[in-house]
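Chains A and B, in that order, are what the protein sequence lines are. With this note's numbering, the residue at position 104 of the first sequence is 104, and numbering never jumps. With this note's numbering, the residue at position 316 of the second sequence is 316, and numbering never jumps. The C-beta atom is built at its ideal place from N, Cα and C for all residues, glycine as well. Predicted model, so just to flag it, every value in this text is computed and none were measured.
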Amino acid sequence: MSLQPDEELVVYKSSMRIPYRWAAGLIASKFYRHIAQEKKIYATRCPKTQKVLMPPRKSPNGTEDWVEVGPGGEIKSFTVVRYPVPSLNPTTLPIVYALIQLDGADTAFVHQLGEIETDKVKTGMRVTAVFAEKAAGNILDIQYFKPETVEIV
Amino acid sequence: MGERVAIIASGQTNHCSKRTDVNIPEMIQEAVDRALLQANLTLDDIDAVVIGNMEHFEGINLSDMWASEGAGSVMKPAMKIATGGTTGASVAACAYYHCASGLFDTVLAIGWEKLSESDPTGGIITAFDPIVERLTLAGAVGGLAIEATAYMKTYDVPEEVFALAAVRSRKNAKRNPHAHLKLDLTVQQVLDTPYIAYPLHYLDMCPASDGACAVIMASEKRAKDLCPKPAWIDAVVCRHNHAWIGDISFGKNSTLESAAVEAYKIAGITNPLEELNVIELYDPASYTQVSWLEYLHLCEMGQGRRLVEDGVTAFEGKLPVNPSGGVVSTNPIGATALIRVAEASLQIQGRADERQVDGVQRAMATGFGGSYWNEVFILSA
Chain A
1 MSLQPDEELV
11 VYKSSMRIPY
21 RWAAGLIASK
31 FYRHIAQEKK
41 IYATRCPKTQ
51 KVLMPPRKSP
61 NGTEDWVEVG
71 PGGEIKSFTV
81 VRYPVPSLNP
91 TTLPIVYALI
101 QLDGADTAFV
111 HQLGEIETDK
121 VKTGMRVTAV
131 FAEKAAGNIL
141 DIQYFKPETV
151 EIV
Chain B
1 MGERVAIIAS
11 GQTNHCSKRT
21 DVNIPEMIQE
31 AVDRALLQAN
41 LTLDDIDAVV
51 IGNMEHFEGI
61 NLSDMWASEG
71 AGSVMKPAMK
81 IATGGTTGAS
91 VAACAYYHCA
101 SGLFDTVLAI
111 GWEKLSESDP
121 TGGIITAFDP
131 IVERLTLAGA
141 VGGLAIEATA
151 YMKTYDVPEE
161 VFALAAVRSR
171 KNAKRNPHAH
181 LKLDLTVQQV
191 LDTPYIAYPL
201 HYLDMCPASD
211 GACAVIMASE
221 KRAKDLCPKP
231 AWIDAVVCRH
241 NHAWIGDISF
251 GKNSTLESAA
261 VEAYKIAGIT
271 NPLEELNVIE
281 LYDPASYTQV
291 SWLEYLHLCE
301 MGQGRRLVED
311 GVTAFEGKLP
321 VNPSGGVVST
331 NPIGATALIR
341 VAEASLQIQG
351 RADERQVDGV
361 QRAMATGFGG
371 SYWNEVFILS
381 A
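In structure tokens form, the structure reads like this:
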């Protein structure tokens, strides 16, 4: 069959709204508690490889070895995002996503940079954490990383 | 036919309504660690991983990636299987295919779900045609309730019989440390709970649970090396069905019947009531434990109530059904059907502790989901 000139094809528009509540668990809850209460970042040392993992992981035997890391660290790689996807990320563009290895950690993790001009970002650059004024229990309790201040004597 | 395959070990979390002390990979790891411990293996001994859960339930749809640390699949071949309620059985079937193909010797099968993290019916709705049944029917309870009404009408079976099956399962659950609802109930207490959807009362339905299950399968040679008493997999049969509920004949679980008949043929079973020693039936609602026994050819149509009322399916009966407590006691959906397979293997291996049925040589496990899909496993000593 074919469509007649006075007929239309049906395209039904809808959206899905499903509520979620994700349990962070004992380990991540402690991680966020340190940030909220002390403005300190803690990672865990893997009992098998001795590597300090950031974000922290649960140990198989339940005896985690907690290690304070950061707040300073080094940019291992980065990108500047200039294409807007408002439904997914409402942040004002451009934003800089950087892979940051905190001092004392053996793994890097992804976060955003602030207080920096996008064309000044370099791999290997030193940055430090800026903590959110109000903690919400997610990774944006570290609001962003900014260039580490270099004091000139 | 493929190579011979056995289940050599399994592990489960202690299923409950909310596991806020662990995130998803951490919860999965508990089950994996327990399975490895029972097998006396480490992750280095595992050749491949198959994992499954319900889509949309936790809003994390690539669990093969997202849960890889807990699943132990880092730097291993791994794949995700999602087939609705049958997911856990499909995970087991896929792990079986891995070993039976001769390509893998040891495969870790994982099913998990954290129903506390979302609205299960909200997730299930996304399985239905978005412009037809999603607007009028979709959800977990409605389809089952419609079938229960048809069954009651066709065979003149009262709600009390369904309630008895639920009472018995939750009493069995008291023997199982991994079960979620361990309850001493009366038939009247079940009937006194409100209808969720007529004729199914609140306590006729399965709970929403958080939990994970892991099963380790091995090829024949490895199984004999690794395990003193493997649970051999004699038959794995899957049947899917039409998408829309109106195309499925009500009061007739044709996929379960077709899968069971095929499985009996493969396993050489001619009289299942005599030859099976225990069944772990995927019973999402109380009435299914009455009706679906008929499609397993354990009795004539409409006579499932006799098996229940006469105690044939009771823990001490001739053919115990769900000594673990079944789905009406524990339901972390993506794990639920895999738990049936794991429990059946524990019965064969003599590892079921307080819920152990005496002298189990042959066990059946089923998985149910989607639009009346079914998967049937037969295991033997």
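| query | result |
| --- | --- |
| Counting only Cβ pairs nearer than 9 Å, list the residues of chain A close to Pro130 of chain B. | Tyr12 and Ser14 |
| Helix or strand or just coil, what does DSSP make of Pro71 of chain A? | coil |
| Give, in chain order, every residue of the segment 10-34 of chain B whose Cβ lies closer than 9 Å to some Cβ of chain A. | Lys18, Arg19, Thr20, Asp21, Val22, Asn23, Ile24, Pro25, Glu26, Met27, Gln29 and Asp33 |
| Given a threshold of 16 other Cβ atoms within 10 Å of its Cβ, counted over all protein chains shown, does Gln29 of chain B qualify as buried or as exposed? | buried |
| Within the continuous beta strand (DSSP E) that includes Gln101 of chain A, where are the two ends? | Ile95 to Leu102 |
| Sorted by chain position, which residues of the same chain lie with C-beta nearer than 6 Å to Ala9 of chain B's C-beta, five sequence neighbours on each side aside? | Ala35, Gln38, Ala39 and Ile216 |
| From Thr330 of chain B to Val22 of chain B, what does the alpha carbon distance come to, in whole angstroms? | 19 Å |
| Can you list the residues of chain A that Asp119 of chain B reaches, using a CB-CB cut of under 7 Å? | Ile18 and Pro19 |
| Checking contacts by CB at 7 Å: is Gly122 of chain B closer than that to chain E? | The chain inventory of the structure shown lacks chain E, comprising the protein chains A and B. |
| What whole-angstrom Cβ distance do Ala285 of chain B and Leu200 of chain B have, given they're in contact under 8 Å? | 6 Å |
| How far does the alpha helix (DSSP H) with Phe162 of chain B in it reach, from first residue to last? | Glu159 to Asn172 |
| Taking all protein chains shown into account, do 16 or more other C-beta atoms lie within 10 angstroms of the C-beta of Gln4 of chain A, making it buried, or fewer, making it exposed? | exposed |
| On the DSSP bridge assignment, give the partners of Gln112 of chain A in chain order. | A:Tyr97 |
| How about Val312 of chain B and Val290 of chain B: do their beta carbons lie closer than 7 Å? | no |
| Looking at Asn53 of chain B and Glu117 of chain B, is the spacing between their C-beta atoms short of 7 Å? | no |
| Closer than 6 Å by C-beta to Gly211 of chain B: which residues in its own chain qualify, once you throw out the five before and the five after it? Chain order, please. | Thr13, His15, Pro332 and Ala335 |
| For a contact defined as C-beta to C-beta under 9 Å, what are the partners of Gly59 of chain B on chain A? | Ile18, Tyr20 and Trp22 |
| If contact means a Cβ-Cβ distance below 8 Å, which residues of the segment 62-79 of chain B contact chain A? | Glu69 |
| Could you confirm whether any beta carbon from chain B is found closer than 7 Å to the beta carbon of Gly25 of chain A? | yes |
| Could you give the residue range of the beta strand (DSSP E) that holds Ala363 of chain B? | Arg362 to Gly369 |
| Who pairs with Ser10 of chain B in a beta bridge, going by DSSP? | B:Val215 |
| Determine the chain B residues that contact Arg33 of chain A at a beta-carbon separation under 7 Å, and present them in chain order. | Within chain B, no residue comes near Arg33 of chain A; the closest Cβ sits about 14 Å away, beyond 7 Å. |
| Can you give the Cα-Cα distance for Pro120 of chain B and Lys265 of chain B, rounded to whole angstroms? | 36 Å |
| For the segment 39-70 of chain A, which residues have a beta carbon sitting closer than 9 Å to at least one beta carbon of chain B? | Arg57, Lys58 and Pro60 |
| Assign Ser14 of chain A to buried or exposed, taking buried as 16 or more other Cβ atoms, counted over all protein chains shown, within 10 Å of its Cβ. | exposed |
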